[in-house]
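Participant: Dumping the structure here so I can ask a few things about it.
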Amino acid sequence: MSEQKAFTLELRDDQVAVIHIDVPGESMNTLKASFAEEVAHVLNQLEQQQDLKGVVVISDKPGSFVAGADISMIDACENAADTESLARQGQAMFDRIEGLKVPVVAAIDGACLGGGLELALACHYRVATDSNRTIIGLPEVQLGLLPGSGGTQRLPRLIGIQKALPLILTGKQLRAKQAKKLGIVDDVVPASILLEAAVKLALSSKAKVKRVRHSLLNKALEGTGVGRGIIFSKAREQAQAKAKGNYPALDKIIDTIAYGADKGFEAGLEFEARSFGELAMTPESKQLRNIFFATTAMKKETGAGDTKPRKIERVGVLGGGLMGGGIAYVTAAKAGLPARIKDISEQGIVHALKYSYDLLHKKVKRKHMARAELESIMLRLSGSLDYSGFDQVDVVIEAVFEDLNLKQQMVADIEAVAGENTIFATNTSSLPITKIAAQAQRPENVIGLHYFSPVDKMPLAEIITHAGTSDETIATTVALAKKQGKTPIVVKDGAGFYVNRILAPYMNESARLVLEGEPIEVVDSALVKFGFPVGPMKLMDEVGIDVAAKVAPIMADELGDRFRAPDAFGKLLDDERKGKKNKKGFYAYSGKKPGKSVDESVYSLLGISPSAKLGGEEIAQRTVLLMLNEAAYCLDEGIIRSARDGDIGAIFGIGFPPSRGGPFRYMDAVGVTEIVRRLQSYQQQHGERYTPAPLLVKMAENNERFY
Numbered sequence: 118m119s120e121q122k123a124f125t126l127e128l129r130d131d132q133v134a135v136i137h138i139d140v141p142g143e144s145m146n147t148l149k150a151s152f153a154e155e156v157a158h159v160l161n162q163l164e165q166q167q168d169l170k171g172v173v174v175i176s177d178k179p180g181s182f183v184a185g186a187d188i189s190m191i192d193a194c195e196n197a198a199d200t201e202s203l204a205r206q207g208q209a210m211f212d213r214i215e216g217l218k219v220p221v222v223a224a225i226d227g228a229c230l231g232g233g234l235e236l237a238l239a240c241h242y243r244v245a246t247d248s249n250r251t252i253i254g255l256p257e258v259q260l261g262l263l264p265g266s267g268g269t270q271r272l273p274r275l276i277g278i279q280k281a282l283p284l285i286l287t288g289k290q291l292r293a294k295q296a297k298k299l300g301i302v303d304d305v306v307p308a309s310i311l312l313e314a315a316v317k318l319a320l321s322s323k324a325k326v327k328r329v330r331h332s333l334l335n336k337a338l339e340g341t342g343v344g345r346g347i348i349f350s351k352a353r354e355q356a357q358a359k360a361k362g363n364y365p366a367l368d369k370i371i372d373t374i375a376y377g378a379d380k381g382f383e384a385g386l387e388f389e390a391r392s393f394g395e396l397a398m399t400p401e402s403k404q405l406r407n408i409f410f411a412t413t414a415m416k417k418e419t420g421a422g423d424t425k426p427r428k429i430e431r432v433g434v435l436g437g438g439l440m441g442g443g444i445a446y447v448t449a450a451k452a453g454l455p456a457r458i459k460d461i462s463e464q465g466i467v468h469a470l471k472y473s474y475d476l477l478h479k480k481v482k483r484k485h486m487a488r489a490e491l492e493s494i495m496l497r498l499s500g501s502l503d504y505s506g507f508d509q510v511d512v513v514i515e516a517v518f519e520d521l522n523l524k525q526q527m528v529a530d531i532e533a534v535a536g537e538n539t540i541f542a543t544n545t546s547s548l549p550i551t552k553i554a555a556q557a558q559r560p561e562n563v564i565g566l567h568y569f570s571p572v573d574k575m576p577l578a579e580i581i582t583h584a585g586t587s588d589e590t591i592a593t594t595v596a597l598a599k600k601q602g603k604t605p606i607v608v609k610d611g612a613g614f615y616v617n618r619i620l621a622p623y624m625n626e627s628a629r630l631v632l633e634g635e636p637i638e639v640v641d642s643a644l645v646k647f648g649f650p651v652g653p654m655k656l657m658d659e660v661g662i663d664v665a666a667k668v669a670p671i672m673a674d675e676l677g678d679r680f681r682a683p684d685a686f687g688k689l690l691d692d693e694r695k696g697k698k699n700k701k702g703f704y705a706y707s708g709k710k711p712g713k714s715v716d717e718s719v720y721s722l723l724g725i726s727p728s729a730k731l732g733g734e735e736i737a738q739r740t741v742l743l744m745l746n747e748a749a750y751c752l753d754e755g756i757i758r759s760a761r762d763g764d765i766g767a768i769f770g771i772g773f774p775p776s777r778g779g780p781f782r783y784m785d786a787v788g789v790t791e792i793v794r795r796l797q798s799y800q801q802q803h804g805e806r807y808t809p810a811p812l813l814v815k816m817a818e819n820n821e822r823f824y
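Under the working numbering, the first residue of the sequence shown is numbered 118, with each subsequent residue one higher.
Below, the structure written as structure tokens:
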């Protein structure tokens, strides 16, 4: 029996050749170096055809054109030269496609990303389907790389430097209609006529490379060295305003596009391949690829070994507040499941429904979604002041006030009205699941499902188990979280669970630094420079100073003195400072730029005169080391199941710098022995809260790593 190939050629009666892509045994098409021979064979056949009129490249997998190159190929490379030669191989293959003497049309349905878009850009024309699954983009930057098979040269040539730069620098993914508006695709059609439309375009076109047509102003900018200099300088400034030098790929992308624009297409490709090789060997890219591999592996796991999840057909949501509204939205819009919201007031239900409507309406306004789709999602949402309809739900997600008695009452109510297999998932951020389940008739159905705010944006969900939670409950809850678009990690019950537990000492230490006189903006900018998306004091305003003050004593009571928060919280709350929610916190929320500058009156309230004494690196070390230490405690106590889960939880839950790989990868990179040395040094200077976790001490003695 002959081996199934990923690339096959069909010669049609109308003298159009169709290249079919179908990677055997995979749900998505990805490009592998081992396909080079197959593609060369197909291209040899095409180049020998005398009466060929056109070529169409299409995938035989519905909803997947080509989702990119296989990242594990890059990981297998030992040095920059190996990775550079991978890029050159891709470039040579796509150059041959572009060089065919007949029109080549890419027929795109589904994911057309990275190497998939580079393949499509090497074709003379592109037709895409109007399906929601069709997404187009060059996301290599998210792996610390740049497009290495011609993308940095072909996209600017097709749509212009000013339009191409932001797409390559952010890795933004476009819907088909957006791609057509930018000039990346030539036509958008229903999936049912994709092949027909592509064949028609091939038969009616010429084999020519399309180039952007500039207006006079753009010609002056992009067509001259001085003009391009202005564009690239502005792009660099904007990119680094956010990245703070933590992502070398950004400068390399700009350098590569600039080089091609100045020196020509061929020279640009040379520079691209070389830059690709160099970037693949940077520690930042290695860490970002580690995150990619970790999340890919997690997609295949149930969270409970071989146990299969139960089917979920309906979800109930208790509470129509901000969290309840967000949970109902991701259930209806992303998981595609009916969500029934119960609240004690009609106002609460209206609020929750409006939350979903507003998010969907934004998408309709931006033309990311059809009005009919908005209406069909809204039809999945309903509300009730009592438990009518809750006898039909498979999972109930509770998002009411942080009050133990109230939550226990909710468990009893649901057990009385719902089926005996109905899962009760509580979205508590601080109360132990063991206590919430203490009076349950069916404790095996009780589990924690902790979302982060805002629910529609934050990618993490903590699935919290108590001793009695059944494997089927775990597997079913993990499956639901994935359907809602979340990356779930399974954690053991305990104060603060994992994410809030490692966050608390970091936030407390930041507050101590401010109380010692370090200016608020200095503390925040030191940690943004380290790679966090926002600084800790800004984060406290975002989360709510009142929330932080409420959680701190719970954690200190459970976990001891290293969680004791500074007493300053009392003064802040006495002054009604809750943060962004009541426009009164560490930052000022009035004026033209709310939340951008510090509210200076907070210093006199706390009785301090701000004066910057410490360097940014020292501030980052003092705060981050406590987070790392706590992560080690959590691993040792079995709160998290693995270092991998701890890294993903920290990156997706609190924005730990992805370029550093997460707390455990970062400790490996610095060296556990060095981490222990730094902690001990701070322990002598600042006290017992810096005592290294026993696990770290043991690992340092044995010269061990987490990975």
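The C-beta atom is built at its ideal place from N, Cα and C for all residues, glycine as well.
Taking a contact to mean a Cβ-Cβ separation below 7 Å, would you say S627 touches T448 in this structure?
Facilitator: In this structure, T448 does not lie closer than 7 Å to S627 by Cβ.
Participant: Check each candidate in E589, H241, I725 and D131 and name the one with the smallest Cα separation from E633.
Facilitator: It is I725.
Participant: Are the CB atoms of I550 and D610 nearer to each other than 7 Å?
Facilitator: Against a cut-off of 7 Å, the Cβ pair of D610 and I550 comes out as a contact.
Participant: What are the start and end residues of the alpha helix (DSSP H) that includes L386?
Facilitator: Here the alpha helix (DSSP H) through L386 covers F382 to A397.
Participant: Evaluate M118 with the Cβ neighbour count: other Cβ atoms within 10 Å of its Cβ, from every protein chain shown; 16 or more gives buried, anything less gives exposed.
Facilitator: Caution is warranted here: a pLDDT of 38 is assigned to M118, below 50, making its placement in the model unreliable, and no coordinate value can be reported.
Participant: Any idea what DSSP makes of A197, helix, strand or coil?
Facilitator: DSSP places A197 in helix when its eight states are reduced to three.
Participant: Do V534 and E638 have their beta-carbon atoms positioned less than 7 Å apart in this structure?
Facilitator: No, the pair does not count as a contact, with Cβ atoms beyond the cut-off.
Participant: Any contact between the stretch 497 to 510 and the stretch 401 to 416? By contact I mean 3 or more CB pairs, one from each, below 8 Å.
Facilitator: No, they do not touch.
Participant: Using a 10 Å radius around the Cβ and a threshold of 16 neighbouring Cβ atoms, would you call I225 buried or exposed?
Facilitator: Label assigned to I225: buried.
Participant: Below 7 Å between beta carbons: does that hold for D762 and I606?
Facilitator: Result yes, Cβ atoms of D762 and I606 sit closer than 7 Å.
Participant: Mind pulling the alpha helix (DSSP H) runs of 4 or more residues that sit fully within the stretch 687 to 716?
Facilitator: For the stretch 687 to 716, not a single whole alpha helix (DSSP H) run of length 4 or above is found.
Participant: Out of L236, G687, Y824 and C229, which has the shortest C-alpha to C-alpha gap to R213?
Facilitator: Here the closest residue by C-alpha is L236.
Participant: A314 to V302, Cα distance in whole Å?
Facilitator: Roughly 13 Å between the two C-alpha positions.
Participant: If you count every other CB in all the chains shown that lies within 10 Å of the CB of R271, and 16 or more means buried, which is it?
Facilitator: It is buried - the Cβ of R271 has at least 16 other Cβ atoms within 10 Å.
Participant: In the DSSP assignment, what are the bridge partners of I252?
Facilitator: According to DSSP, which records beta bridges pairwise, I252 is partnered with A228 and R292.
Participant: Using a Cβ cut-off of 7 Å (strictly closer), state whether E492 contacts chain D.
Facilitator: No chain D appears in the structure shown, which is made up of a single protein chain.
Participant: Quick one: grab the DSSP three-state call for E120.
Facilitator: Of the three classes helix, strand and coil, the one that applies to E120 here is coil, per DSSP.
Participant: How about the stretch 763 to 783 and the stretch 799 to 814: do they share at least three Cβ pairs that are nearer than 8 Å?
Facilitator: These segments do not touch.
Participant: In or out: V434 buried (at least 16 other Cβ within 10 Å) or exposed?
Facilitator: So V434 counts as buried.
Participant: Please report how far the alpha carbon of P273 lies from the alpha carbon of P220, in whole angstroms.
Facilitator: Distance between the alpha carbons of P273 and P220: 21 Å.
Participant: Return the bridge partner residues of S501 from the DSSP annotation.
Facilitator: Bridge partners of S501: K459.
Participant: To the nearest angstrom, report how far apart V222 and Q464 are at their CA atoms.
Facilitator: Those two C-alpha atoms are separated by around 54 Å.
Participant: Considering only residues of the same chain and omitting the five flanking positions on each side of M145, which have a CB-CB separation below 6 Å?
Facilitator: Same-chain partners within the cutoff: S181 and A184.
Participant: Buried or exposed, going by whether 16 or more other CB atoms sit within 10 Å of the CB of K524?
Facilitator: With 16 or more Cβ atoms within 10 Å of its Cβ, K524 is classed as buried.
Participant: Given a cut-off of 7 Å on the beta-carbon distance, is the pair A592 and P426 in contact?
Facilitator: Result yes, Cβ atoms of A592 and P426 sit closer than 7 Å.
Participant: Between the C-alpha atoms of A153 and L234, what's the straight-line distance to the nearest angstrom?
Facilitator: A153 and L234: Cα-Cα distance of roughly 17 Å.
Participant: I need the DSSP call for Y568, collapsed to helix, strand or coil.
Facilitator: Note: Y568 maps to strand in three-state DSSP.
Participant: Taking all protein chains shown into account, do 16 or more other C-beta atoms lie within 10 angstroms of the C-beta of F124, making it buried, or fewer, making it exposed?
Facilitator: When all chains shown are included, F124 counts as buried.
Participant: At 4 residues or longer, what runs of the alpha helix (DSSP H) sit wholly inside the stretch 414 to 459?
Facilitator: Listed in chain order, they are 439 to 446.
Participant: Name the DSSP bridge partner or partners of L796?
Facilitator: Partner(s): none; L796 has no beta bridge.
Participant: Nearest to Q565 by CA position, among E490, A598, E143 and S499, is which residue?
Facilitator: It should be pointed out that residue 565 corresponds to Gly in this sequence rather than to Gln. Taking only the C-alpha atoms, the option nearest G565 is A598.
Participant: DSSP three-state label for L577, please.
Facilitator: Strand at L577.
Participant: Please list the terminal residues of the continuous beta strand (DSSP E) segment that includes H137.
Facilitator: Taken as a continuous stretch (DSSP letters only), the beta strand (DSSP E) holding H137 covers V133 to I138.
Participant: Going straight from the alpha carbon of G585 to that of F541, what length do you get?
Facilitator: Those two C-alpha atoms are separated by around 13 Å.
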